[in-house]
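Engineer:
Protein chains in written order, with this note's numbering: chain A, 1 to 114; chain B, 1001 to 1109.
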């Protein structure tokens, strides 16, 4: 099993550019989330989804959009990149987190906005 | 916003020592999870605790969930260099996982 696959692994953007971070999982998990991790800090929730067609905002949603058209895919769109969005982005999926199932994380996308 | 505070932020110890890290919140969670993250990788789940007062053991690691389901601790016995990493706790409520800022553990040989 591939688990959670994130692409690209590295990306450099210019301020104002837009792009989409891809995330796919092959475990038939209902729950998927996007986090960002800045140096010396934990993970901050950007957006999450509890199933196909359902998304909601996390702690730091501004500047990001998501959609969940299928169970497998949960892309994160940066609308107009800013230097403050330089970070490592992690996608994660879970079956039923509230009942004890943990999240499986991808290996991350390292984004630099110049 | 539900906040999770982890302490200490950094911990450097010698191989063979014991240690405890803490995860505290003013909010109640339906479950609490502990993850370990190595540089350049995503976090990996160590354990989930669900019931207040629950204690789980994973080899040399002991996890405890507070009676009120607001806090948790991770105790490592006889730490080894392979335990080095970032330890993150996450509170789960209504399908959302909120992470603490983590404890960076370094175990010196």
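C-beta: ideal position from N, C-alpha, C; glycine also.
Just to make sure I have the definition right: I need the residues of chain B whose C-beta is within less than 7 Å of the C-beta of residue 41 of chain A. Which are they?
Structural biologist: 1101
Engineer: How about residue 1039 of chain B: is its C-beta nearer than 8 Å to some C-beta of chain A?
Structural biologist: no
Engineer: If you drop the 5 nearest sequence neighbours on each side, which residues of the same chain put their C-beta closer than 6 Å to that of residue 7 of chain A?
Structural biologist: 22
Engineer: For a contact defined as C-beta to C-beta under 7 Å, what are the partners of residue 80 of chain A on chain B?
Structural biologist: Under the 7 Å cutoff, chain B gives no residues; its nearest Cβ is about 25 Å from residue 80 of chain A.
Engineer: Residue 84 of chain A by DSSP, collapsed to three states: which one?
Structural biologist: helix
Engineer: So residue 51 of chain A is in the beta strand (DSSP E); what residue range does that whole segment cover?
Structural biologist: Run containing residue 51 of chain A: 43-51, per the beta strand (DSSP E) assignment.
Engineer: So residue 113 of chain A and residue 45 of chain A are in contact, right, with Cβ under 8 Å, and what is the actual spacing, rounded?
Structural biologist: Their Cβ separation, rounded to whole angstroms, is 20 Å, which puts residue 113 of chain A and residue 45 of chain A out of contact at 8 Å.
Engineer: Is there a Cβ from chain E that is less than 8 Å from the Cβ of residue 10 of chain A?
Structural biologist: Any reference to chain E falls outside this structure, whose protein chains are A and B.
Engineer: For residue 101 of chain A, is the classification buried or exposed, using 16 other Cβ atoms within 10 angstroms of its Cβ as the cut-off for buried?
Structural biologist: buried
Engineer: With C-beta atoms as the reference, is residue 1007 of chain B less than 8 Å away from residue 1022 of chain B?
Structural biologist: A contact, by the Cβ cut-off of 8 Å.
Engineer: Output yes or no for whether 8 Å exceeds the beta carbon distance between residue 1041 of chain B and residue 107 of chain A.
Structural biologist: yes
Engineer: Taking the C-alpha atoms as reference points, what is the distance between residue 1003 of chain B and residue 1045 of chain B?
Structural biologist: 20 Å
Engineer: Hey, does residue 33 of chain A have any beta-carbon neighbour from chain B nearer than 8 Å?
Structural biologist: yes
Engineer: Tell me which same chain residues have a C-beta within less than 6 Å of the C-beta of residue 34 of chain A, skipping the five on either side of it?
Structural biologist: 46, 47, 76, 91
Engineer: When DSSP labels each residue in this structure, what does residue 1016 of chain B get in the three-state scheme?
Structural biologist: coil
Engineer: Give the range of the beta strand (DSSP E) segment to which residue 32 of chain A is assigned.
Structural biologist: 31-37
Engineer: Using a Cβ-Cβ cut-off of 6 Å (strictly less than) and excluding sequence neighbours within five positions of residue 1051 of chain B, which residues of its own chain qualify?
Structural biologist: none
Engineer: Less than 8 Å between CB atoms is the rule here; does residue 21 of chain A satisfy it with respect to chain B?
Structural biologist: no
Engineer: Shortest alpha-carbon distance to residue 1108 of chain B belongs to which of B:1027, B:1053, B:1083, B:1033?
Structural biologist: B:1083
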